[in-house]
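Residue numbers (our numbering), protein chains in the order written: chain A, 2 to 81; chain B, 11 to 472. See below for the structure under consideration.
What follows is the structure in structure tokens.
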């Protein structure tokens, strides 16, 4: 799996989404499953998928599908 | 208490004790004493000031979750006949449109006071307020709390947590929930202040408010602590924090140790506590200096209360290490339940004694440990879900299900239907996140000779 595929898979697993729901419109609380409970699951999936430990600020500021990609690329060396 | 000092603040406004009193008086000027008011409870200035004003003026609030659907709201109105509603304006507009005799009496800061046109139902003189048992299955069952219940529990909590006027709590729990209310009550009692927000600890706004206003404490349910661990609480720099508290279900020994150690290092007191809505909120606390010595313990009874353990024949258990039903005796034990307006005239039905439904034991030092439950409940993200009730509701809809599992993870067995559809349906009904439910379709549900569901066999399948 490429990093982009891993990233998408984590969203689909943790937030119970289909591929067509992923994209720049997907933001925190824009779908029912991405609430604070879903957010913890999503962070756990991403940390497992990329074998990283995210910082507090990065977890809190992870507010959209696009923002998350930027954060992983900038702070955790994940190349997309 | 300094009357010009800040009593509460939210993201946009700070309000002094004097101003809180004035706004409360203004709201309550429209509402006769001993009226029943439905309060859609949020952690905002108008909601909290309304709540405090109602209590001070002998007006009885029924605390509603802001997630209450219009259908549930209608059912509750039909059951209780409230004379007034105090609620966010969009919610009120909905009601005003649908209900002809309703009149908008007053508005402040996004909240509206609505007169329903229902006559005033008779209410027992001791009744202070009505709170739900944090269940999310949507029955109209509410706990009746007296003025003595509310005052005595606030006093106990303020006492063992050493709350003073320099304390400042930030809200991290809903105001419709007994634990959230108890934090408000114990702070107001001591002239301490409140930072009001409905943002969760997962949001940047929450931490900004905590830092900007120098909050000294907050509370959390076990799920809050799971999130805090993931947020690397141990590495956070929170110099103003004096204590944090935990209740609303079993934290688990691992997390108790993690937070006991992190707090010891930061010089923060960590209070592990136990309670039920039926006891206003709090029944026990674990003194912070013992949090690492007594892993898994709910601690000791709060000031003014005491515990007893009784065996199946109702005999008092005197020796340590023996399991029995946990009984609590104290002035904060509620008057009883209400399911409709007719019940609001009922007096105290419990006489200060609460059968908790929990099985517990006591160690040699007098510390208590909850080891199980007599009835079948799970705590799901702080909500108490009655498994028997959930099964009964789905049975009414023609779907036989059997629910087991552990807190925050319910396993549901069924013999027919699509597992994922059923899972989403249960999630939507309970208003809980679908990830909490694991639905399994099996050929047959194990039953005992009597025909009753064999839950022990189902637990073994999990």
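Here a beta-carbon is modelled for each residue, glycine too, at the ideal position from N, C-alpha and C.
Q. Is it buried or exposed for residue 7 of chain B, if we count other Cβ within 10 angstroms and need 16 for buried?
A. For chain B, the structure presents residues 11 to 472; residue 7 of chain B sits outside this window and is missing.
Q: Mind checking who residue 96 of chain B pairs with in its DSSP beta bridge?
A: Here residue 96 of chain B corresponds to residue number 86 of the second chain, with the count starting at 1. BP columns for residue 96 of chain B point to B/49, B/123.
Q) Using the rule of at least 16 other Cβ atoms within 10 Å of the residue's Cβ for burial, across every protein chain shown, is residue 381 of chain B buried or exposed? A) Mapped onto the second chain, residue 381 of chain B falls at position 371. Exposed, since its Cβ has fewer than 16 Cβ neighbours within 10 Å.
(Q) Which of the three DSSP states is assigned to residue 40 of chain A in this structure? (A) Locating residue 40 of chain A in the first chain gives position 39, counting from the first residue. In the structure shown, residue 40 of chain A falls within a helical segment according to DSSP collapsed to helix, strand and coil.
**Q.** Distance between residue 390 of chain B and residue 215 of chain B (C-alpha atoms, nearest Å)
**A.** Walking along the second chain from the start, residue 215 of chain B turns up at place 205. Walking along the second chain from the start, residue 390 of chain B turns up at place 380. C-alpha separation (whole angstroms): 25 Å.
Q. Name the chain B residues that come within less than 7 Å of residue 32 of chain A, Cβ to Cβ?
A. Sequence index remark: in the first chain, residue 32 of chain A carries index 31 (1-based). Here the premise fails: no neighbours, minimum Cβ distance about 12 Å.
Q) Cβ of residue 38 of chain A less than 8 Å from any chain B Cβ? A) Looking up residue 38 of chain A in the first chain gives position 37. Taking 8 Å as the CB threshold, residue 38 of chain A lines the interface with chain B.
Q: Check each candidate in B/415, B/150, B/13 and name the one with the smallest Cα separation from residue 350 of chain B.
A: Against the second chain, residue 350 of chain B aligns to sequence position 340. The shortest Cα separation from residue 350 of chain B among B/415, B/150, B/13 belongs to B/150.
Q | Which of helix, strand or coil DSSP assigns to residue 496 of chain B | A | In the structure as shown, chain B begins at 11 and stops at 472. Residue 496 of chain B is therefore absent and cannot be evaluated.
(Q) residue 343 of chain B and residue 362 of chain B - do their beta-carbons sit closer together than 8 Å? (A) Taking the first residue of the second chain as 1, we reach residue 362 of chain B at position 352. Taking the first residue of the second chain as 1, we reach residue 343 of chain B at position 333. Taking a C-beta distance under 8 Å as the contact criterion, residue 362 of chain B and residue 343 of chain B qualify as a contact pair.
Q: Label residue 292 of chain B either buried or exposed according to how many other C-beta atoms from any shown protein chain fall within 10 Å of its C-beta, with 16 as the threshold for buried.
A: The residue you call residue 292 of chain B lines up with position 282 of the second chain. Under this definition residue 292 of chain B is a buried residue.
(Q) According to DSSP, is residue 432 of chain B part of a helix, a strand, or is it coil? (A) Position 422 of the second chain, counting from 1, holds the residue named residue 432 of chain B. The three-state secondary structure of residue 432 of chain B, taken from DSSP, is helix.
Q: Could you tell me whether the Cβ of residue 62 of chain A comes closer than 8 Å to any Cβ of chain B?
A: Counted from its first residue, the first chain places residue 62 of chain A at position 61. For residue 62 of chain A, the answer is yes, since a Cβ of chain B falls inside 8 Å of its Cβ.
Q: Starting from residue 56 of chain B, trace the alpha helix (DSSP H) both ways and give me its first and last residue.
A: Residue mapping note: residue 56 of chain B aligns to position 46 of the second chain, counting from 1. DSSP places residue 56 of chain B inside the alpha helix (DSSP H), whose first and last residues are 55-66.
(Q) I'd like to check one pair, residue 102 of chain B with residue 70 of chain B: are the Cβ atoms closer than 8 Å? (A) For this step, residue 70 of chain B is matched to residue 60 along the second chain. For this step, residue 102 of chain B is matched to residue 92 along the second chain. Not closer than 8 Å, so no.
Q) If we ignore side chains and look at the alpha-carbon of each, how far apart do residue 108 of chain B and residue 8 of chain A end up? A) Against the second chain, residue 108 of chain B aligns to sequence position 98. Against the first chain, residue 8 of chain A aligns to sequence position 7. One C-alpha to the other measures close to 46 Å.
Q) What in chain A is Cβ-close to residue 391 of chain B, meaning under 7 Å? A) Translated into the one-based positions of the second chain, residue 391 of chain B becomes position 381. Near residue 391 of chain B (Cβ distances below 7 Å), the residues of chain A are 38.
Q: Flag this pair as yes or no: are the beta carbons of residue 23 of chain B and residue 55 of chain B separated by less than 8 Å?
A: Position 13 of the second chain holds residue 23 of chain B. Position 45 of the second chain holds residue 55 of chain B. Against a cut-off of 8 Å, the Cβ pair of residue 55 of chain B and residue 23 of chain B comes out as a contact.
Q) Are the C-beta atoms of residue 57 of chain A and some chain B residue less than 8 Å apart? A) What you label residue 57 of chain A is simply residue 56 of the first chain in a count that begins at 1. It does; some Cβ of chain B falls within 8 Å.
Q. In chain B, which residues lie with their C-beta within 7 Å of the C-beta of residue 78 of chain A?
A. Translated into the one-based positions of the first chain, residue 78 of chain A becomes position 77. Residues of chain B passing the Cβ test: none, with the nearest at roughly 19 Å.
Q: Give a yes or no on whether 8 Å exceeds the smallest Cβ distance from residue 42 of chain A to chain B.
A: Taking the first residue of the first chain as position 1, residue 42 of chain A is located at position 41. True, the Cβ-Cβ gap to chain B drops below 8 Å.
Q: Alpha carbon to alpha carbon, how far is residue 418 of chain B from residue 403 of chain B? Give it in angstroms, no decimals.
A: Sequence index remark: in the second chain, residue 403 of chain B carries index 393 (1-based). Sequence index remark: in the second chain, residue 418 of chain B carries index 408 (1-based). Answer to the nearest angstrom: the Cα atoms are 20 Å apart.
Q: Keeping to the same chain, check which residues put their C-beta closer than 6 Å to that of residue 265 of chain B; ignore five residues upstream and five downstream.
A: Working through the second chain from its first residue, we reach residue 265 of chain B at position 255. For residue 265 of chain B, where only same-chain residues beyond five positions count, the Cβ hits under 6 Å are 235.
Q) Using a beta-carbon distance below 8 Å, is residue 383 of chain B in contact with chain A? A) For the purposes of this step, residue 383 of chain B is identified with residue 373 of the second chain, where counting begins at 1. For residue 383 of chain B, no CB of chain A lies under 8 Å from its own CB, so it is not counted at the interface with that chain.
Q) When the Cα of residue 303 of chain B is compared with those of B/379, B/185, B/154, which residue comes out closest? A) Stepping through the second chain from its first residue, residue 303 of chain B is reached at position 293. When each option's Cα is compared against that of residue 303 of chain B, the closest is B/379.
Q. Would residue 457 of chain B count as contacting chain A if we go by Cβ distances under 8 Å?
A. Your numbering for residue 457 of chain B matches position 447 in the second chain. So no, residue 457 of chain B is outside the interface.
**Q.** Residue environment, residue 458 of chain B, which counts as buried when at least 16 other CB atoms sit within 10 Å
**A.** Numbered from its first residue, the second chain carries residue 458 of chain B at position 448. Its Cβ having fewer than 16 others within 10 Å, residue 458 of chain B is exposed.
Q.
Rounding to the nearest angstrom, what Cα-Cα distance links residue 49 of chain A and residue 138 of chain B in this structure?
A. In the first chain, the residue the question calls residue 49 of chain A occupies position 48. In the second chain, the residue the question calls residue 138 of chain B occupies position 128. Roughly 50 Å separates the two Cα atoms.
Q | Spatial distance of residue 231 of chain B from residue 258 of chain B (CA atoms) | A | Here residue 231 of chain B is taken as the residue at index 221 of the second chain, counted from 1. Here residue 258 of chain B is taken as the residue at index 248 of the second chain, counted from 1. The C-alpha of residue 258 of chain B is placed about 5 Å away from the C-alpha of residue 231 of chain B.
Q. Among B/443, B/290, B/314, B/451, which has the Cα closest to the Cα of residue 143 of chain B?
A. Against the second chain, residue 143 of chain B aligns to sequence position 133. That would be B/290, whose Cα lies nearest to the Cα of residue 143 of chain B.
Q.
Starting from residue 405 of chain B, trace the alpha helix (DSSP H) in both directions and tell me its first and last residue.
A. The count along the second chain starts at 1 and reaches residue 405 of chain B at position 395. Per DSSP, the continuous alpha helix (DSSP H) segment holding residue 405 of chain B begins and ends at 397-406.
**Q.** Separation of residue 406 of chain B from residue 388 of chain B, as counted between CA atoms
**A.** As a working note, residue 388 of chain B is residue 378 in the second chain. As a working note, residue 406 of chain B is residue 396 in the second chain. Each residue's Cα considered, the two are about 21 Å apart.
Q. Does the distance from the C-beta atom of residue 154 of chain B to that of residue 347 of chain B stay below 8 Å?
A. The residue you call residue 154 of chain B lines up with position 144 of the second chain. The residue you call residue 347 of chain B lines up with position 337 of the second chain. In this structure, residue 154 of chain B lies near residue 347 of chain B, with their beta-carbon atoms less than 8 Å apart.
Q | Minimum length 3: unbroken beta strand (DSSP E) runs contained in the region 134-213 of chain B | A | If we require 3 residues or more, the beta strand (DSSP E) runs fully inside the region 134-213 of chain B come out as 137-142, 152-156, 178-180, 203-205.
Q: Could you tell me whether any Cβ in chain A is nearer than 8 Å to the Cβ of residue 241 of chain B?
A: One-based indexing of the second chain puts residue 241 of chain B at position 231. Output row for residue 241 of chain B: interface = yes.
Q: Determine the DSSP secondary structure at residue 389 of chain B, reduced to helix, strand or coil.
A: Locating residue 389 of chain B in the second chain gives position 379, where the first residue counts as 1. For residue 389 of chain B, the secondary structure class from DSSP, reduced to helix, strand or coil, is strand.
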